[in-house]
Structure formats: C-alpha cells, structure tokens
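**Student:** Throughout the sequence shown, residue numbering follows mature numbering (1 follows the signal peptide of the UniProt record, and there is no 0), covering -19 to -1, 1 to 363 in sequence.
Idealized CB from N, CA, C, for every residue including glycine.
Here it is, the structure, as structure tokens.
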Amino acid sequence: MHKKLLLICLLIAPNLFTAQTVYKSLTSLKLGEERELKIQLPRNYEKNKEKSYPVLIVLDGDYLFEPVAGNVDFYSYWEDIPEMIVVGINQSDTRDSDAFYDSERFLPSENGAKFFEFIGMELMTYLDSQYRTAPFRVIMGHDYTSNFINYYLLKENPLFQGYINISPDLAPEMANRVAAALTKSESKIWYYLATAEEDIPSLKEDILSFDNQLKIIENKNLKYNFDNFPKGSHYTLAGNAIPKAIEQIFEVYGPISIFDYNRTLLQTSVSSYDYLVEKYETIQTLFHVNKQIRLNDFMAVYNAIEKTEKWEELHDLSKLAEKHYPKTMLATYFEARFEEETGSPKKAMRSYQKGYGQEPISFLTTDFMLDKADKIKQDFGY
C-alpha cells in the first residue's frame, strides 16, 4: 500500500510543483554591492506571454521566501488568489544595517536609507524591465524588517498597495505615523498586522496598542486585518500569518464564500447581479486579470436571486452567462427562469426547449431542460 502511494506521489509531483524559482544577483549602485534575490515565477509563465502578474516582495528572504512562495503557489493553483511573482531579498548578513533608522527622526538613515532607495529605485525598476509585472505590489517583513516596510507607506504616493507586518518591532512614532497615513490615504491600501500569545512581550504590547489605533480608522480605502494567534512564538507565528495575510489581501479574487453569500447576497437591499459584476471588475482593475466568471459564482448569485425573488436580475444574469459560457445551457436556463417567474410561461417553455443541442453544464442536461419544458406544457395545456 505504501509503495503504491509513493508511486502516485512520484507521478503527480512533476505536475504539482511547476512554479519556477530563479536565483539572481543584482548589482546595486545605491548599496555599492550585489544583492542576492530569489524569484518565483508563476506556473506557465513562459506560455502566458500576454499575462502580467502582481509582485510580492519578501524581506528576510533567506528564511521567509520559501514559506511565502509555497503558499502563493498553493493558493493560486486553486484560484483563490491571482498568480504572482514572488521576490525574496536575502538579508542574513545585512538586515540590521538594511533596516537602520536614526535615533532623532526615526527615519531610514545611512545604509537604511540606501536600502530604501535600492528597493524603490533599483529593484522594482529591474523587475518591471525583466518580467511582466502588474502595478499591484505587496511587501512583507518580520520584526525589524516589518517596521521598515512601513516607511514606503509614509510616502505621498506609496510604492506598495499591500503591507504584511509580522510581529513588527516598531520604531518610535511609527504607530502614529502609519495611523495618520492610513487615515488620510486617498488610494486603496491593504494592511495586515499579526502577533501571537507567545510573541516577545515588549513587541506584543506595542502591537496590541497599534491595533487599537488602526481598528478605529474610518477610511473606505483601507482594508485592515489583524490576528493575535493563540499559539506561536515570535518566529513560528509566521506559519499562521503568511496564509492568513495572503488570503485577506486577495480576498476579492477568491470565489464567493458562504459568509459573503449569507452576509451580502441574501440582503434584499443588495443587487446580487451588481455584486458579481463589480467583483470581477475589481479583479480586472487591481490585478490586470481578465478572468472568466467562475461557474460557482454564477450559481451563488442565481440561488440568491431565487431566495430574494429579484427575478428581473435573471435577465441580466442570462446575458452575462452568454458572454462567459457561450454554447452552454447556462444563459438559456437563466432566461427561461426569468420568463417563468415574470408571467411568460410559453416563452419559458420555448427557452427550455432551446436547451436541446446546447452543451450541458453543472446540473443542466438535455433531459432536465426538456422535462422543464414538458411540465409547463402540461400545466398550461400548450
């Protein structure tokens, strides 16, 4: 039995682990030295020549890159998040000087200032010139480097839209500065913060106070999430924080969840059809992905329309289904249900009959569609 399982694993492994990791040395004029990079490219990057990808920069790449890259590959494989280019910066010998700030203004100084410019002026320029990057950018750091990533948020036009802070070792005034920047931000910002019950006590105390500042901010452009994990040390909490942060920052990309279905789509004041359209327009705008609407999302919206009895929306849903799933029965079924519920049984019957010859999809089959037509014929004597 064990030999069979091993054989299966060996057979499927080449298909599962196909994300490409390349190792580069980038010469920095700002730093006056070379920096080692780890770059994971998405699966089928070479085949999808017209596709561009968001970028996730990982500081402390010598130990954070692999868990981050693995999570990105896993979640994107299941289409819960977009495919991304993940870039780790190795800092095993330089992290203290890279994230250095002065003791008066508490801003990047000396090598810290040079490293700040290296990322903004050299690394991002290099990535944009060498790879097909989309303008949505996320940066991640841990304790000392987590504090450092927030300096980009303080710029008038932040370089990054997403910030993943794992147990930050906050500089004096950093909490107030970030809170002020997030309060007045006129562009969309995704901000994630995490600590754990067994985190370093002094850091945890400051992080909890920081969370109290951030969670009261009222700004529609801010998407803020915080986790205080019940288990985990200063280092092991990263294993929990990385997937949670990735999920939450890219939440809009994922399929409609049961939570969103119950909380949003079943509310009578909400148009389920508009919610679906806006969701995929947001995906296009943020991530530059012209994504086909998931069949499950179509069905979630259809079920919500059924429950809220907003029958007029089925007509629009049918047109949208025709665009995304042409030649299938999906659009025909939605249109037939619309006609059936709005007082046109004869039109509904003909629409169901139209399903004959179209491609089956989901629960829709030729027999199902013809049975629906026959029932109307019997009920109304057509």
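Out of T8, Y4 and E15, state which residue places its alpha-carbon closest to the alpha-carbon of Q21.
**Tutor:** Comparing Cα-Cα distances from Q21 to each of T8, Y4 and E15, the minimum goes to Y4.
**Student:** Determine the DSSP secondary structure at D208, reduced to helix, strand or coil.
**Tutor:** Note: D208 maps to strand in three-state DSSP.
**Student:** Going along the chain, which residues of its own chain have a beta-carbon closer than 6 Å to the beta-carbon of G42, five neighbours each way excluded?
**Tutor:** So the qualifying residues of the chain are K19, G69, I70 and N71.
**Student:** Can you give the Cα-Cα distance for K204 and L247, rounded to whole angstroms?
**Tutor:** For K204 and L247, the distance between alpha carbons rounds to 23 Å.
**Student:** Please name the residue, chosen from Y112, N92 and Y144, that lies closest to Y34 on a Cα-to-Cα basis.
**Tutor:** Among Y112, N92 and Y144, the Cα nearest to that of Y34 belongs to Y112.
**Student:** Given a cut-off of 9 Å, decide if D61 and F129 are closer than it, judged by their beta-carbon atoms.
**Tutor:** The answer is no: Cβ separation not under 9 Å.
**Student:** With DSSP run on the structure shown, which of helix, strand or coil describes M330?
**Tutor:** Helix.
**Student:** Rank Q359, V282, K260 and M280 by C-alpha distance to the C-alpha of K272 and give the top, closest one.
**Tutor:** Checked all of Q359, V282, K260 and M280; the closest Cα to K272 is K260.
**Student:** For V3, name the three-state secondary structure that DSSP assigns.
**Tutor:** Three-state result, V3: strand.
**Student:** Taking 7 Å as the limit between beta carbons, can you name the residues of its chain near E294, skipping five residues before and five after?
**Tutor:** If we look at E294 and ignore the five residues flanking it on each side, its Cβ neighbours are S252, S253, Y254 and I286.
**Student:** Can you tell me where the beta strand (DSSP E) holding S202 begins and where it ends?
**Tutor:** Sequence check: residue 202 is Asn here, not Ser. Neither: N202 is in no beta strand (DSSP E) and is coded neither H nor E.
**Student:** Cβ atoms of F87 and P153: under 9 Å apart, would you say?
**Tutor:** A contact, by the Cβ cut-off of 9 Å.
**Student:** Closest to T114 by C-alpha separation, out of K288, D355, T323 and E64, would be which residue?
**Tutor:** Closest by alpha carbon: E64.
**Student:** I120 by DSSP, collapsed to three states: which one?
**Tutor:** Strand.
**Student:** Distance check for M310 and K353, CA to CA, integer angstroms please.
**Tutor:** The alpha-carbon atoms of K353 and M310 are separated by roughly 13 Å.
**Student:** Quick check on the burial criterion: 16 or more other C-beta atoms within 10 angstroms. Buried or exposed for T176?
**Tutor:** It is buried - the Cβ of T176 has at least 16 other Cβ atoms within 10 Å.
**Student:** Whole-angstrom Cβ separation of residue 400 and Q339, contact assumed at under 8 Å?
**Tutor:** This structure cannot speak to residue 400, because the chain is shown only from -19 to 363.
**Student:** Could you please give me the residues that DSSP links to W171 through a beta bridge?
**Tutor:** Partner(s): G143 and K204.
**Student:** Could you pull the start and end residues of the beta strand (DSSP E) that P35 belongs to?
**Tutor:** Looking at the DSSP string, the run of the beta strand (DSSP E) that includes P35 is Y34 to V39.
**Student:** Which runs of the beta strand (DSSP E) at least 3 residues long sit entirely within the segment 300 to 358? Give them in chain order.
**Tutor:** List check, beta strand (DSSP E) in window: nothing returned.
**Student:** Report buried or exposed for T126, applying the criterion of at least 16 other Cβ atoms within 10 angstroms of its Cβ.
**Tutor:** When all chains shown are included, T126 counts as buried.
**Student:** P48 and I188 look like a contact to me (Cβ under 8 Å); what is the Cβ gap, rounded to whole Å?
**Tutor:** About 20 Å; that fails the 8 Å criterion.
**Student:** Just the Cα atoms here: how many angstroms apart are P211 and P182?
**Tutor:** C-alpha separation (whole angstroms): 14 Å.
**Student:** Measuring alpha carbon to alpha carbon, tell me which residue in Y337, H296, V67 and Q142 is nearest T2.
**Tutor:** Closest option to T2, Cα to Cα, is V67.
**Student:** With DSSP as the reference, please indicate the residues paired to Y82 in a beta bridge.
**Tutor:** Per DSSP, P89.
**Student:** Since F141 and Y133 are thought to touch, with beta carbons under 8 Å apart, how far apart are those beta carbons, to the nearest angstrom?
**Tutor:** Right, their Cβ atoms sit about 5 Å apart.
**Student:** Looking at residue 390: is its Cβ nearer than 9 Å to the Cβ of N206?
**Tutor:** Nothing can be reported for residue 390: it is not among the residues displayed for the chain, which extend from -19 to 363.
**Student:** Just the C-alpha distance for L267 and E322, rounded to the nearest angstrom, thanks.
**Tutor:** Cα to Cα, the separation comes out at about 37 Å.
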